[in-house]
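Numbering (full-length UniProt numbering), first residue to last: 1 to 230. Ideal Cβ placement from N, Cα and C applies to all residues, glycine included. To keep things clear, I will list the structure first and then write my remarks on it.
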Amino acid sequence: MAALDLRVDQRVLEAKENVAEDPQFSILRVFELIKFENYSHYCAKHESLLKEELELIQKGMETAVKLCDWYRERLSSLDKRKRLLGQGMVALEVAVHEQKLDFLRAHITELNRRMISLMESRERGFPTHVNLQKNNLPQSHDDHLAWLHRQNLLLNQELGDKTKLLEDLKKEKENTSNNSSDRSVSVQRIQPSRPAPSHQRPSAFVRPAFHYQQMQNVAASPVKTYDTLM
């Protein structure tokens, strides 16, 4: 394009020099050369814009191919998770799965809206101002606000559930500690402590063995019946 502009400028200068040297040189020829110069700039500008549009379309096609591959991977992942669910296995909790689904829904909805707008713009014609197209289509800001509102509600609900669970655990712990202290007090009342003995006692009483005394044989003697003199 720069070489073409240089050639055109040289031809215009040559035409001006010819007009200065030869007054009979047609002024109309100079205007034609100037018009050709403007036309060359016009064509060069179109050529540059077409080149940029081609690069943009090629990048869009590459991104679309990657997007199709991503959708196929998501479909295979869904089939795998369905089979695992049939076997009673899940990869995520319900709350986490719901949050990821809301995030995915917001992005895919916005992407579909923009793609449909891009494909239908050729049929409707390009608007005179970019704001006209934005006003005729639903705003993505509203979808994003709705998604944020749903996320806020989910987080508040989860926070309330966790707070209630902590309070229940705390009450259960307090009740357990109170019951254990009550049981210890009742045991102390039923089994009072006995005072320690002041002196030691034998473990068992032993009865002493009975000793038999041997009787001495004494000769029989007369029995005195009354006190008389013999």
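Please state whether the Cβ-Cβ distance between residue 99 and residue 151 is less than 8 Å. yes
Quick one: measure Cβ to Cβ for residue 109 and residue 143, integer angstroms, because I've assumed they're closer than 8 Å. The C-beta distance from residue 109 to residue 143 rounds to 6 Å, short enough to meet the 8 Å contact threshold.
Any idea what DSSP makes of residue 52, helix, strand or coil? helix
For residue 47, which three-state DSSP category applies? helix
Pairwise C-alpha distance: residue 147 and residue 42: 48 Å
Inspect the beta-carbon positions of residue 95 and residue 166 and report whether they are closer than 8 Å. no
Spatial distance of residue 177 from residue 170 (CA atoms): 11 Å
Per-residue DSSP class, three states only, for residue 91: coil
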